[in-house]
Every structure is written in structure tokens, then in C-alpha cells.
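**Q** Protein chains in written order, with the working numbering: chain Y, 565 to 901; chain V, 565 to 901.
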DNA sequence: CTGAAAGCGCTTACAG
DNA sequence: CTGAAAGCGCTTACAG
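#1: With a threshold of 8 Å, are at least 3 pairs of Cβ atoms found where one atom belongs to the region 817–833 of chain V and the other to the region 714–724 of chain V?
#2: Any beta carbon of chain V sitting closer than 8 Å to that of residue 644 of chain Y?
#3: Sort out for me which residues DSSP pairs residue 632 of chain V with in a bridge.
#4: Is it buried or exposed for residue 625 of chain V, if we count other Cβ within 10 angstroms and need 16 for buried?
#5: Name the one or two DSSP bridge partners that residue 894 of chain V has.
#6: How about residue 666 of chain V: is its C-beta nearer than 8 Å to some C-beta of chain Y?
#7: Any beta-carbon of chain Y closer than 8 Å to the one on residue 828 of chain V?
#8: Have a look at residue 895 of chain Y and residue 853 of chain Y and give me their C-alpha separation to the nearest angstrom.
#9: Does the beta-carbon of residue 696 of chain V have 16 or more other beta-carbons within 10 angstroms, so that it is buried, or is it exposed?
#10: With a threshold of 8 Å between beta carbons, is residue 820 of chain Y in contact with chain V?
#11: Residues of the region 831–848 of chain Y in Cβ contact with chain V at a cutoff of 7 Å, in chain order, please.
#12: Which whole-angstrom value describes the C-beta separation of residue 682 of chain V and residue 851 of chain Y, a residue pair presumed to lie in contact below a C-beta threshold of 8 Å?
#13: Do residue 753 of chain Y and residue 786 of chain Y count as a contact pair if the criterion is CB distance below 8 Å?
#14: Please state if the CB of residue 700 of chain V and the CB of residue 684 of chain V are separated by a distance shorter than 8 Å.
#15: Could you run through the region 603–630 of chain V and flag, in chain order, every residue whose CB is less than 8 Å away from some CB of chain Y?
#16: Is residue 780 of chain V near residue 748 of chain V, with beta carbons less than 8 Å apart?
#17: Going by other Cβ atoms of all chains shown within 10 Å of its Cβ, with 16 needed for buried, is residue 577 of chain V buried or exposed?
#18: Using the beta-carbon of each residue, which ones in chain Y are nearer than 9 Å to residue 817 of chain V?
#19: Check the Cβ-Cβ distances between residue 681 of chain Y and every residue of chain V, and say whether any is below 8 Å.
#20: Could you check whether the Cβ of residue 635 of chain V sits closer than 8 Å to any Cβ belonging to chain Y?
#21: Just mark residue 882 of chain V as buried or exposed, buried being the case when its beta carbon has 16 or more other beta carbons within 10 Å.
#22: Check whether chain V comes within 8 Å of residue 790 of chain Y, counting only Cβ atoms and requiring the distance to be less than that.
#23: Name the chain Y residues whose beta carbon is nearer than 9 Å to that of residue 663 of chain V?
#24: Kindly identify the DSSP beta-bridge partner or partners of residue 808 of chain Y.
#25: May I have the straight-line CA-CA distance separating residue 658 of chain Y from residue 866 of chain Y, to the nearest angstrom?
#26: Would DSSP call residue 714 of chain V helix, strand or coil?
#27: Pull out every residue of the region 694–714 of chain Y whose Cβ sits closer than 8 Å to any Cβ of chain V, in chain order.
#28: Given a cut-off of 8 Å, decide if residue 891 of chain Y and residue 704 of chain Y are closer than it, judged by their beta-carbon atoms.
#29: When burial is assigned at 16 or more other CB atoms within 10 Å of the CB, is residue 789 of chain V buried or exposed?
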């Protein structure tokens, strides 16, 4: 039904080798020939069959995006949507397509095998959240080029990440600038690297400030609104004056708990979040938070992955982007806006 | 590097035709032979090369998911994440993979061509929101099996949808049961089918109730929190006692505006939303809303699409699922919870 | 700069 | 029930 290379070759009176060359931008084609072939291609709206190309050339132009999704409603965190959007934009630009796998735990093992064995993709982006994800180890042992979004505690893998420690430190420092008598944090799950790192950043800022970490309060949340709410409730008894929540979603929940307790933000309790999701600027008061350059991350990820695909065996790269503190009204040290 | 059909054939001392048959579940294989081959496959963890299979058989086992994303931050609406999750689960079950295309307008035309021409997928799911999406027309003119999530004003296409009119009607009826003197609605964009349909449902409920539609207030929102907020502000002057917001995100924004105006929910203004996203149960008061069976939609979509792929030329099917009213405290006619 | 030919790893009539 | 052979639509040395 659709045209093949062969058809285009006949229509332009050249061999299919030549057509293939012009399609792939090979320099060894006379300018006039190239123009003629290109014209035929355009006129007939020809699209090469990707399966055939892959089989012959050993590569497709698609990359796999793996997101561990089974765990609760984490996938509905706007973070994933935003990152995916960034990645997708970058792929369009580079003429790659994205194969999406939302890994629910039950299918995980089977899925790894399918991904690796079926040679459907040239490379993989894993958005791994767990500290010691078997997916990452499996990928690491395979020959498949891949990039981990985040970090891994022990393995040397190519990764793109935002500096979570720095992000948490920025937010915590800002909270400390109002000299609260007691500061607390609602952490992310400690079996996730982001959860751990953001707690580390919090701890560093506290220590830098000349305080003892022991005098500090920490409750573990699960990155959901409800988790933030519950955590804040249990924190309330200790009467903190400042709280760093490791995600905006949790900050939102915490604000709800604070409001229900009849306390004012920031007068009674100052609060800061992390991620700068759309809602952050709409809460009341607007939420001080940390912005991650998600669009840039997507582009860097794809560029690095393509580099890896074309030139394997390079030294492992770890790219860490700087987060940015966004000051709003919830910490009290800025004009309410 | 990885094994091929040929390797498996040699290892099990049969021809590759036979191996292919056992892999594809062809009945014409002696039971003993099948077992032996299967054993070799398992032991070597063999995965067929999908590109080769596609080239030979004319089909891959992947379906494309197209989501128009460029328009604002719509993609970060939890609705998309939830639907995608449902679709992904269904695909895992059926051993299909998902190719994801987030269509930003600039790339749209080019993308349609790539999708249709490259024969990368067996079928397509389009999550089209616009009333008259060129993507849908293009798909409709092609031979590619596809399912539209939503509805189309004029084209006869295979579609899976939730009854948006009914959903809006349920919510509006519930609001009317408290006999407000004046009822208003914050609609979705009227260039989207859901926006139009939910307004229709609102209008039907109002008319049913013996009221005149003209006595009613309607402001168009854009499905974001901010849009709901702005719309509610402009509605406030007219002092409605009840508001139906066409999405929970907009309802959240509207609640913020109401609160800022110093009014109480539901005492002064009752409010209902649509979608039952995670936040709906966490707002204060909890939001009455309409739940869509997204998981079921995903499964039905995949099943129907697979049916379409295997048996083309069937009469066009339109599957419409029933939404469910979730009564919470924001309408005042239930115990606060 | 260009073409003829082999080959990528499968599936599928066709014969037996 | 099984195998030999052709073919899917490309790419890529190899020769010229």
C-alpha cells in the first residue's frame, strides 16, 4: 500500500542503494541526483519502514522510557508528566520516538526481558525512584545504553539528575533565615534516593546553621497530599515554627493540616516545598519551593543517550543540574504575593 | 549477541519453521516437539526480534498512544496519568507495548505522517480533546485501526468514552436538590468536546428541574486551577448558591476564590466538580464529584483495538461508559466527611 | 558517485 | 506434523 524504497528508486531512475544514501544523508551522492530523489520522496510522501530499517541497520530510532508506576499513585505526580513532556519535546527535535513502559511490579521481571530481548529500542531512560531497583541492575548488566534519571547508591551508571541535596538545602536555609525556634521536615520515602537526598540537604542546612540535628523533627511521608497531611498532624504536637516538605504535594497536605489546627501560615508555621509544580503558585499563601529544570533535563537526557548509542564504551557520565529556589509567601520572609 | 530463531532451531534439532510455530501457538506441532522447543526457549531466555517479526508478519505488537499536549499544561492533569496507567496495565496483560507521542502542535503534521508511514504500530489510541482535531480526520482517512477516546462531532469513528452529559447531569441534579435560588457553571473550553458535553449535561439538568437556562450563569474555564479561580471570581458578583465546575482542578480553584471572598462552602455556595481525581477527597470540605471508570476504559480500549486490528472492516463501534456520582461534603446534602 | 548483491531475523504458503 | 524456500523493506560493504 505505502511506497517502498524500491518504488522511489524506480520513480527516480536510480538504484535503491542511492535512495537509501540520500535518505540517510550519505555524502556520496551527486547534488543533482540527491535533489531529484528528494523531490520524488517529497511528492510521494514516502516514509521508510522502520522495522526494515532496524533489521538491516541494527537500530531503530526509538528510545524506551521506563517509569515504575505500580507503587501507589506516584505516577499521577505532575513531576512525571512534566518530565515526560520535556523528554518528548527533545525526542521530536531529534526525530526519535518514545516507547513507554509503566512498570507495575508484577510485570517487572517479564518486562525487563522483553525490553532487552526484543531489540525494539536503541536505548532506555529509566525514571527509577527506588534506592536499589532491580531494573537498574538488570540494565547495567545488559549491553543496552541507558540513562538513569536520579542516582544509584552503588552502581556506576550514566545518569542525569537534579541536585536534590542542594535543593533541600536551599529551601531549608531560607526557612532558617527567619530563625525559627524549632524546624521540622516531612521527608520522602527513605527507600527512594530523592527521599534520602532531600533529607540529607535538610540535615546539612541545619548543621551549617549551628544547630543540632537531634533537636530537629522528621517524619516520613510518601510524596502524596494525604501523606503530607498525616505527617504534619503528627508534627503539630511538637509545635515547629518551620517545616520543609520534600515535595509540593506533601506541602499542600501539610498546609491543610496546619489550617485545620487553626494555625496561620507563615505567622505560626512557615513552610517550604520542593518541585514547583503548577499548584505551588496557587496555594494560599503561595508556596516557597524549589524548581527543577525539567525541560532542560529532558533535552540533556536525550542528547546524552544518543551520544551513548552512537559511541558506546565511553566513560560513565553523571550530569547534575542545579535547582532554583522560588521564594513566595509561605515562608514569611518575602512580600506576600 | 542474543539468540535467534535459527539458534533455537539448532539447539532443539528442528527447523526454524517449527520453532516459529510453537512461538506463535500454531496447533500443528506434535506435543512432544512443542515441549522440547519450549524448554530450549526458556532455558536460553530467548526473545524474538520484534523488528524481524513485524517485517515478516506485517504486524508488531505495539500500539501508539497519541496525546495532544502542547496546549498549556493540560497533560499534567491527573486524568491523563490515570488513563495512561489504565491503558498500560491493559497492554501488559495483552502483551502489547505502548508507543507514546505527545503531540505538540508544531510537530503535529509531521508526526501524523511519521506515525502512519513508518508502520511502527498496529493501531492507535488518540486522546483527542479538540472538537475538530485534524489528527482524527487524518487517522480516519488512513487505513490505520484507531480508537478515539472521546467523541467526534461529525465523523463516524470507533470510540470509547465516558458519558459526559450524564456525568454533568448527575452532579448538577445533586446541586439542584438543595434548591439553590441561583445555580452557575464553570465550563471547560468550548472547543473541546468534553467542555461542550458537560455544559449540555448541566443545561439538561437545569431544564429538567423546571428552570430557565437563561436564568443561569456560565463562565468558560480552561480546565486548570487558575482558570477555575478566575472564573469563580467573575461569578461571585452574581451571588450563585451552587456551582458546577466541569473539572475537579477548576473546582479547586473555584473553592479558593470562594474562600478568599470570605464565603463558606457549602453554607453560602455549594460546589461540585467532575473527574474524582485524588485531590477531590482531600479538599476542605471534600469535593462532591463524578468518577470515571478509567481503569475499565483502558482495558476496553485495548480489547476493542485488538479486535479491530485482527478483524478490520467491522461496523463502527462507540462504547460509552457510565460515570458515577461521588457525594461528599461540598454540596451540603450529605454528612460532612 | 553509483549499482548489484548479500544479509538482518523472522513468517508463511507450499510440498510432502 | 515438519522442512525448504521465498520474501518482508531496508542497509552496507564491495566493486567499479
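Beta carbons: idealized from backbone N, C-alpha and C, even for Gly.
All values derive from a computational prediction rather than experimental measurement.
**A** In terms of the structure at hand:
#1: no
#2: yes
#3: DSSP, once it has assigned bridges, lists V:667 as partnering residue 632 of chain V.
#4: buried
#5: In the DSSP output, where bridge partners are listed per residue, residue 894 of chain V has none listed.
#6: Yes, because at least one Cβ of chain Y sits closer than 8 Å to the Cβ of residue 666 of chain V.
#7: So no, residue 828 of chain V is outside the interface.
#8: 10 Å
#9: exposed
#10: Answer yes: the Cβ-Cβ gap between residue 820 of chain Y and chain V drops below 8 Å somewhere.
#11: 842, 843, 846 and 848
#12: The pair is not a contact, with the Cβ atoms about 44 Å apart (cut-off 8 Å).
#13: yes
#14: no
#15: 609, 610, 611, 612, 613, 614, 615, 616, 618, 619, 624, 626 and 629
#16: yes
#17: Label assigned to residue 577 of chain V: exposed.
#18: For residue 817 of chain V, the chain Y residues whose Cβ falls inside 9 Å of its Cβ are 846, in order along the chain.
#19: It does; some Cβ of chain V falls within 8 Å.
#20: At residue 635 of chain V, the pLDDT of 48 sits below 50, so the modelled position is not reliable and the matter cannot be decided from this model.
#21: exposed
#22: yes
#23: 626, 661, 662, 663 and 664
#24: Y:749 and Y:836
#25: 8 Å
#26: coil
#27: 707
#28: no
#29: buried
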